[in-house]
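Visitor: Start counting the sequence shown at 27; every next residue gets the next number (our numbering). Before we start, here is the structure in question, set down as structure tokens.
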Amino acid sequence: VAAYVGWQSSSILKPLLQQGLSDTEEFVIYKALNSLTCMCQLGLLQKPHIYEFVSDIAPFLCHPNLWIRYGAVGFITVIAQHLNVADVYCKLMPHLNPFITQPIIQIDKELVLLSVLKEPVSRSIFDYALRSKDIASLFRYLLLRQKKRAGSIPECPTPEDPAIAQLLKKLLSQGMTEAEEDKLLALKDFMLKSNKAKANMGEQSHLGEAAQTGVIDLATLGITGRQVDLVKPKAEAEDKRESIAAAAARKHTKQDSTMNEEWKSMFGSQEPPSAQPTTAADGPASQIRKSAAAPAVPVLQSVASGPAYQRRINTCKAELQQLVQQKREQCSAERMAKQMMESAEWESRPPPPGWHPKGLLVAHLHEHKAAVNRIRVSDEHSIFATASNDGTVKVWDSQKMEGKTTTTRSVLTYSRIGGHVKTLTFCQGSHYLAVASDNGSIQLLAVEANKPPKSPKVQPFQTR
27 VAAYVGWQSS SILKPLLQQG LSDTEEFVIY KALNSLTCMC QLGLLQKPHI
77 YEFVSDIAPF LCHPNLWIRY GAVGFITVIA QHLNVADVYC KLMPHLNPFI
127 TQPIIQIDKE LVLLSVLKEP VSRSIFDYAL RSKDIASLFR YLLLRQKKRA
177 GSIPECPTPE DPAIAQLLKK LLSQGMTEAE EDKLLALKDF MLKSNKAKAN
227 MGEQSHLGEA AQTGVIDLAT LGITGRQVDL VKPKAEAEDK RESIAAAAAR
277 KHTKQDSTMN EEWKSMFGSQ EPPSAQPTTA ADGPASQIRK SAAAPAVPVL
327 QSVASGPAYQ RRINTCKAEL QQLVQQKREQ CSAERMAKQM MESAEWESRP
377 PPPGWHPKGL LVAHLHEHKA AVNRIRVSDE HSIFATASND GTVKVWDSQK
427 MEGKTTTTRS VLTYSRIGGH VKTLTFCQGS HYLAVASDNG SIQLLAVEAN
477 KPPKSPKVQP FQTR
């Protein structure tokens, strides 16, 4: 694209290439250096931009990555080939002197420049300094040590932050010398940008994971939660609305009294027009009730006839009110459904006083030794099951309850549940029986119905 557009693309591509030079991935830095080298060979970089790139790329001559050093050397040699001798020695050499062991003449030769380069920064020291959380404080202290070595300050104070002192001690234990400190300071701008980019990438990955899971931690974003009462008494809500409306009416009256005539003619009065004057004895609440009792036609006419005060609500507040109203309606629907379900559960409620069963007593079942908590009838009404606090589940044959037999015994008793059996139900067309106990266990029993005169069989199918 740059070769097609020409040298005019230099100002457009400069920030993009500078961003590539400060990328967290060293492979991207190497590719950005190669791109800059190719653009210099084609003459697509303006001279002021070249000098800016030289100040950014010269510290890469001591970078621990070999390919980045080779890329920096290639870029510098290409620049030396395209600049005149005065620019090379006045503009280019001052950036190279801190990183070469001796002065050279043939800067445009890659082998010559590589042969005089100083040793790069140790990889372990570079990575450890780059991973530190407070890298800016580390560089400030290293700069003080450099000024002390140069004689600019008489003494370098010890770091007040114990974390910086521990970090410096760790770097010195890994073999950091004064020359290594100077090289780290030369790479200061690059390392600060790279450290900030890695921190931003970590935050973005955290937000990305939260977006993928559907959960956003508001505490990390500095957002405090708000609480809204979804269930409010009607009388309290009406009183609150009346008090708010009364306060608003008092505020509007006060604002109208302080507003001069010129503003009233320009913006209109904030007090809504009233057909009947109110006396001083009437309070704000009575005034609101009168206006509420008045027909709606005059209000519409007053709004349409001229400029009047209209209450404006922020879009965010309007959305919040809409969300609260939606949640309140949802909560009201759930409470109503719960009340209907509780009223439908007639088994859990005792019969009203004076109630007596009607009909003929055909059986008296007395095998359970404790309270019976639940009775469930199968879909085909051939059998029914009972659950009791004695820890047993009994299955009964409905055909034996017609009074034709002398004994009314259960056809099956299951007592391997444990605890008090609180509830049970038939599942999948009465082929399974789900049983729940107060010890926290739920068992699914498979009911096998055999032909008469044999009784149905039951066996454990699954336990939770």
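Glycine is no exception: its CB is placed at the ideal position from the N, C-alpha and C atoms.
Just to confirm the assignment: which complete alpha helix (DSSP H) runs, minimum length 4, are found wholly within the segment 163-250?
Guide: As far as the segment 163-250 is concerned, its whole alpha helix (DSSP H) runs of at least 4 residues are 188-199, 204-212 and 214-239.
Visitor: I need the boundaries of the alpha helix (DSSP H) containing Gly63, first residue and last residue.
Guide: Taking the first residue of the sequence shown as 1, we reach residue 63 at position 37. The question names Gly, but residue 63 in the sequence shown is Thr. It spans Glu52 to Gln67 - the alpha helix (DSSP H) in which Thr63 sits, taken as one unbroken run.
Visitor: Buried or exposed for Ala98, going by 16 or more other Cβ atoms inside 10 Å?
Guide: Here residue 98 is taken as the residue at index 72 of the sequence shown, counted from 1. The residue in question, Ala98, is buried, as its Cβ has 16 or more Cβ neighbours within 10 Å.
Visitor: When the Cα of Leu198 is compared with those of Leu168, Asn60 and Lys219, which residue comes out closest?
Guide: If you number the sequence shown from 1, residue 198 lands on position 172. The shortest C-alpha separation from Leu198 is found at Leu168.
Visitor: How many angstroms separate the CA atom of Pro129 from the CA atom of Leu143?
Guide: As a working mapping, residue 129 is identified with position 103 in the sequence shown. As a working mapping, residue 143 is identified with position 117 in the sequence shown. Pro129 and Leu143: Cα-Cα distance of roughly 10 Å.
Visitor: Rank Cys88, Ala460 and Tyr56 by C-alpha distance to the C-alpha of Lys214 and give the top, closest one.
Guide: The count along the sequence shown starts at 1 and reaches residue 214 at position 188. Comparing Cα positions, the closest option is Cys88.
Visitor: How is Thr418 classed by DSSP in three states: helix, strand or coil?
Guide: In the sequence shown, residue 418 corresponds to position 392, counting from 1. It is coil, neither helix nor strand.
Visitor: Assuming Thr19 and Ser220 make a contact with CB atoms under 8 Å, what is their CB distance in whole Å?
Guide: As displayed, the chain neither begins before 27 nor continues past 490, which places residue 19 out of reach and without an answer.
Visitor: According to DSSP, what are the bridge partners of Ile468?
Guide: The count along the sequence shown starts at 1 and reaches residue 468 at position 442. For Ile468, which the question treats as bridged, DSSP gives the partners Ala462.
Visitor: Identify which residue in Leu156, Leu170, Ala397 and Thr184 has its Cα closest to the Cα of Met217.
Guide: Working through the sequence shown from its first residue, we reach residue 217 at position 191. Selected option, being the one with the closest Cα: Leu156.
Visitor: Measure the C-alpha to C-alpha separation of Lys173 and Thr203 and round it to an integer number of angstroms.
Guide: Here residue 173 refers to the residue found at position 147 when the sequence shown is read from its first residue. Here residue 203 refers to the residue found at position 177 when the sequence shown is read from its first residue. In a straight line, the C-alpha of Lys173 is about 15 Å away from that of Thr203.
Visitor: Start and end of the alpha helix (DSSP H) containing Phe101?
Guide: Numbered from 1 along the sequence shown, position 75 holds the residue referred to as residue 101. Residues Leu92 to His108.
Visitor: Between the C-alpha atoms of Ile59 and Glu345, what's the straight-line distance to the nearest angstrom?
Guide: Here residue 59 is taken as the residue at index 33 of the sequence shown, counted from 1. Here residue 345 is taken as the residue at index 319 of the sequence shown, counted from 1. According to the sequence shown, residue 59 is Leu rather than Ile. One C-alpha to the other measures close to 50 Å.
Visitor: Taking buried to mean at least 16 other C-beta atoms within 10 Å of its own C-beta, is Tyr30 buried or exposed?
Guide: As a working note, residue 30 is residue 4 in the sequence shown. Tyr30 is exposed by the Cβ-count criterion.
Visitor: For the beta strand (DSSP E) holding Arg442, just list the boundary residues, first then last.
Guide: Here the question's residue 442 lines up with position 416 in the sequence shown. Note, Arg442: premise wrong, no beta strand (DSSP E); not H, not E.
Visitor: Less than 8 Å between the beta carbons of Gly177 and Glu136, yes or no?
Guide: For the purposes of this step, residue 177 is taken as the residue at position 151 of the sequence shown. For the purposes of this step, residue 136 is taken as the residue at position 110 of the sequence shown. Going by C-beta atoms, Gly177 is not nearer than 8 Å to Glu136.
Visitor: Is it buried or exposed, Glu206, if we count other Cβ atoms within 10 angstroms and call 16 or more buried?
Guide: Residue 206 sits at position 180 when you count from the first residue of the sequence shown. Buried is the call here.
Visitor: What did DSSP end up calling Arg400 once you bin it into helix, strand or coil?
Guide: Taking the sequence shown and counting its residues from 1, one reaches residue 400 at position 374. In this structure, Arg400 counts as strand in the three-state DSSP scheme.
Visitor: What is the C-beta distance between Gln107 and Asp82, in whole angstroms, given that I count them as a contact (C-beta under 8 Å)?
Guide: Taking the sequence shown and counting its residues from 1, one reaches residue 107 at position 81. Taking the sequence shown and counting its residues from 1, one reaches residue 82 at position 56. At roughly 20 Å, the Cβ-Cβ gap does not stay under 8 Å, so Gln107 and Asp82 are not in contact.
Visitor: Quick check: the segment 238-258 against the segment 112-119, are at least 3 beta-carbon pairs closer than 8 Å?
Guide: Result no; under three Cβ-Cβ pairs closer than 8 Å.
Visitor: Reducing DSSP to helix, strand and coil, say where Val111 ends up.
Guide: Taking the first residue of the sequence shown as 1, we reach residue 111 at position 85. Residue state, collapsed to three classes: helix.
Visitor: Any idea if Phe452 is buried or exposed, counting beta-carbon neighbours within 10 angstroms, 16 or more meaning buried?
Guide: Here residue 452 refers to the residue found at position 426 of the sequence shown. Counting Cβ neighbours within 10 Å, Phe452 comes out buried, since at least 16 surround it.
Visitor: Under the three-state reduction of DSSP, which class applies to Lys448: helix, strand or coil?
Guide: The sequence position of residue 448 within the sequence shown is 422, counting from 1. DSSP places Lys448 in strand when its eight states are reduced to three.
Visitor: Mapping the DSSP letters down to three states, classify Val142 as helix, strand or coil.
Guide: In the sequence shown, residue 142 corresponds to position 116, counting from 1. Note: Val142 maps to coil in three-state DSSP.
Visitor: Can you tell me where the alpha helix (DSSP H) with Phe86 in it begins and where it stops?
Guide: Against the sequence shown, residue 86 aligns to sequence position 60. Counting along the chain, Phe86 falls outside any alpha helix (DSSP H), and DSSP gives it neither H nor E.
Visitor: Can you say whether Cys17 is buried or exposed, counting buried as having 16 or more other CB atoms within 10 angstroms of its CB?
Guide: Nothing about residue 17 can be read from this structure; the chain reaches only from 27 to 490.
Visitor: Quick one: residues in its chain with C-beta nearer than 8 Å to the C-beta of Gln425, no 5 flanking neighbours on either side, listed in chain order?
Guide: In the sequence shown, the residue the question calls residue 425 occupies position 399. Closer than 8 Å at Cβ, skipping near neighbours: Ser408.
Visitor: Between which two residues does the alpha helix (DSSP H) harbouring Ile130 extend?
Guide: Taking the first residue of the sequence shown as position 1, residue 130 is located at position 104. Per DSSP, Ile130 belongs to no alpha helix (DSSP H) and is neither H nor E.
Visitor: What are the start and end residues of the alpha helix (DSSP H) that includes Met119?
Guide: As a working note, residue 119 is residue 93 in the sequence shown. Met119 -> alpha helix (DSSP H) spans Met119 to Leu122.
Visitor: Distance, Cα to Cα, Ser358 vs Arg252?
Guide: By one-based count along the sequence shown, residue 358 stands at place 332. By one-based count along the sequence shown, residue 252 stands at place 226. Using only the alpha carbons, I get a separation of about 20 Å.
Visitor: Can you list, in chain order, the residues of its chain with a C-beta nearer than 8 Å to that of Ala162? Leave out the 5 residues immediately preceding and following it.
Guide: For the purposes of this step, residue 162 is identified with residue 136 of the sequence shown, where counting begins at 1. Leu218.
Visitor: Does the separation of the CB atoms of Val447 and Ser414 fall below 8 Å?
Guide: Stepping through the sequence shown from its first residue, residue 447 is reached at position 421. Stepping through the sequence shown from its first residue, residue 414 is reached at position 388. Contact flag set, yes.
Visitor: Quick check on DSSP: helix, strand or coil for Ala301?
Guide: One-based indexing of the sequence shown puts residue 301 at position 275. A caution first: Ala301 carries a pLDDT of 43, below 50, which makes its placement in the model unreliable, though a value can still be read off. Residue state, collapsed to three classes: coil.
Visitor: Provide the residue(s) that pair with Ile409 in DSSP beta bridges, ordered along the chain.
Guide: Position 383 of the sequence shown holds residue 409. Partner(s): Asp423.
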